[in-house]
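Line by line, the protein sequences give chains Z and U. Its first residue numbered 11, the first sequence is counted upward by one per residue in the working numbering. Its first residue numbered 11, the second sequence is counted upward by one per residue in the working numbering. Input: a single structure, listed below in structure tokens.
Number of protein chains: 2
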Amino acid sequence: MQVREYVRALVAGDSPGTPAPSERELVTRFGVARMTVRQAMDALVVEGLLERIPGRGTFVARPRRSPSTVVGLTEEMARRGVTVESQTLLARREHAGPGVARALGLHEGDSVVHWRRLRRAETEPFCVEDVYLEEGLLPGLLDGLLPSSLYAQLAHQGLRPTWVEDAVTADVAAGEEAGMLGLSHGAPVLRRQRRALACDRVVEVSRSVFRADRYTLRLQLGRAG
Amino acid sequence: MQVREYVRALVAGDSPGTPAPSERELVTRFGVARMTVRQAMDALVVEGLLERIPGRGTFVARPRRSPSTVVGLTEEMARRGVTVESQTLLARREHAGPGVARALGLHEGDSVVHWRRLRRAETEPFCVEDVYLEEGLLPGLLDGLLPSSLYAQLAHQGLRPTWVEDAVTADVAAGEEAGMLGLSHGAPVLRRQRRALACDRVVEVSRSVFRADRYTLRLQLGRAG
DNA sequence: CAGTGGTCTAGACCACAGT
DNA sequence: CTGTGGTCTAGACCACTGG
Numbered sequence: 011m012q013v014r015e016y017v018r019a020l021v022a023g024d025s026p027g028t029p030a031p032s033e034r035e036l037v038t039r040f041g042v043a044r045m046t047v048r049q050a051m052d053a054l055v056v057e058g059l060l061e062r063i064p065g066r067g068t069f070v071a072r073p074r075r076s077p078s079t080v081v082g083l084t085e086e087m088a089r090r091g092v093t094v095e096s097q098t099l100l101a102r103r104e105h106a107g108p109g110v111a112r113a114l115g116l117h118e119g120d121s122v123v124h125w126r127r128l129r130r131a132e133t134e135p136f137c138v139e140d141v142y143l144e145e146g147l148l149p150g151l152l153d154g155l156l157p158s159s160l161y162a163q164l165a166h167q168g169l170r171p172t173w174v175e176d177a178v179t180a181d182v183a184a185g186e187e188a189g190m191l192g193l194s195h196g197a198p199v200l201r202r203q204r205r206a207l208a209c210d211r212v213v214e215v216s217r218s219v220f221r222a223d224r225y226t227l228r229l230q231l232g233r234a235g
Numbered sequence: 011m012q013v014r015e016y017v018r019a020l021v022a023g024d025s026p027g028t029p030a031p032s033e034r035e036l037v038t039r040f041g042v043a044r045m046t047v048r049q050a051m052d053a054l055v056v057e058g059l060l061e062r063i064p065g066r067g068t069f070v071a072r073p074r075r076s077p078s079t080v081v082g083l084t085e086e087m088a089r090r091g092v093t094v095e096s097q098t099l100l101a102r103r104e105h106a107g108p109g110v111a112r113a114l115g116l117h118e119g120d121s122v123v124h125w126r127r128l129r130r131a132e133t134e135p136f137c138v139e140d141v142y143l144e145e146g147l148l149p150g151l152l153d154g155l156l157p158s159s160l161y162a163q164l165a166h167q168g169l170r171p172t173w174v175e176d177a178v179t180a181d182v183a184a185g186e187e188a189g190m191l192g193l194s195h196g197a198p199v200l201r202r203q204r205r206a207l208a209c210d211r212v213v214e215v216s217r218s219v220f221r222a223d224r225y226t227l228r229l230q231l232g233r234a235g
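Printed below as a string of structure tokens:
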């Protein structure tokens, strides 16, 4: 740990290609065995901070590309420089329908929390989101203690989603959602069904509908590097 | 390597939770040092095949969830059990427009290959795809040697895409694409712009339009495990 | 040639699990 | 208590790089 953090601090801010101390140099500096130094450096290599080149040395690696991560809408839009405001349209206990029950791993008719929000970017509505949660997951939600970010609130309880399964499709606005989004019937919308897991537990099932003219889904896929 | 492959073969097909040989057992069996055994096991652990539990032992890990990988439409649909047929509507050299030039890392007006295909699932058209390629990337393409899978053909030249950046949005069918897809004007479609990289080179830039009623985008995101 | 990372040895002590 | 993985030592030889 000491060697690892020493090297991490040493190369912090260095540009890619900058040489790190050689393994034997660290051996003498810390008075430890070389295997110990290697384990420290291994951690930094796996982490993507360093890069080994046999016969040459160890160097600061160029930052890896990383695939899209699991984030909630609040954080996703914040990264694009847009602030999301949410207006709760509905928050109540309901009996789970067949789809929601299956997705949450419950039985049909079990009690679940249904939370509907109109989401605005710079005051313009662009999304209506229906979230279904296992009852008791967010105590106080139905008493009016509504967090501004679901994912932040889940993270606060150690249940930050780390895995999502999405189904995305195109459709046209219909029924009351058109009015909520300020769209005329027949205007294009993007629909997303999501199942989010944290610690191998399904913590969120949601259906979102986005105004196509105000939201584009951006994705990066592939292995890091 | 010998220890690693011995263990890999030994636990092949075993169900999750099955104990692997202990490190010291492998030490005596192979007559090597324990550090050597550990390195062999480490490789299998990072690979996700094994799982270490301190004080208990090493066990076959349950298969990890893995995020969506980079695949072409042919392979994506094949995994859903659907065969994709492609009909080339256009394959010619063109001068790159500003968007395509930027995405491919070329200058506007540079020569590029434009390949348009109508894609059918079980004979039903569901997608029109416009692909733009750097000239010379797929020699013979314009001479009528049209592969049935672009990604397979790229892979054949060591340029299998390992990284994609997608922008997905909803829209309504318009112009000639409606006719090609058998849609009336105003029917919902999913549009996808893609930039695909292989070996840090942009090898594909494409715009696809999908019939919303015949294609749903499915996504899995998160870190493996 | 000297220096680098890649790999290996033959031990050792520790914390933790299960009995 | 024994057996497990986690960590460490103080060396060693190898292949490779660059001057």
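Note that CB positions come from ideal geometry on N, CA and C, so glycine has one too. Just so you know, these numbers come straight off a predicted model, no measurement behind them.
Whole-angstrom C-beta distance between residue j and residue i, which should lie under 8 Å
| i | j | result |
| --- | --- | --- |
| C137(Z) | F220(Z) | 5 Å |
| A177(Z) | P198(Z) | So it is not a contact: roughly 17 Å between Cβ atoms. |
| V94(U) | S216(U) | Contact doesn't hold; Cβ gap of about 15 Å is too wide. |
| V47(U) | V13(U) | 6 Å |
| P29(Z) | A71(Z) | About 12 Å separates the two Cβ atoms, so there is no contact after all. |
| D181(Z) | A180(U) | 7 Å |
| T79(U) | L231(Z) | 7 Å |
| V212(U) | G115(U) | 5 Å |
| S218(U) | R202(U) | 5 Å |
| Y225(U) | L191(U) | At roughly 10 Å, the Cβ-Cβ gap does not stay under 8 Å, so Y225(U) and L191(U) are not in contact. |
| L148(U) | Q163(U) | 6 Å |
| P171(U) | E214(U) | 6 Å |
| R127(U) | T84(U) | Contact flag wrong, Cβ pair sits at about 11 Å. |
DSSP-derived helix/strand/coil call for residue i
| i | result |
| --- | --- |
| A177(U) | strand |
| R233(U) | coil |
| Y16(Z) | helix |
| H166(Z) | helix |
| R89(Z) | helix |
| A208(Z) | strand |
| V37(Z) | helix |
| V81(U) | coil |
| L200(Z) | strand |
| L152(Z) | helix |
| L147(Z) | coil |
First and last residue of the uninterrupted beta strand (DSSP E) at residue i
| i | result |
| --- | --- |
| G67(Z) | G67 to V70 |
| E61(Z) | L60 to I63 |
First through last residue of the alpha helix (DSSP H) which encompasses residue i
| i | result |
| --- | --- |
| R112(U) | P108 to L114 |
| R44(U) | R44 to E57 |
| E186(U) | G185 to L191 |
Paired residues, beta bridge with residue i - DSSP
| i | result |
| --- | --- |
| T98(Z) | R127(Z) |
| D140(U) | R126(U) and R217(U) |
| H105(Z) | S121(Z) |
| P29(U) | F69(U) |
| E134(Z) | A131(Z) |
| L227(Z) | V178(U) |
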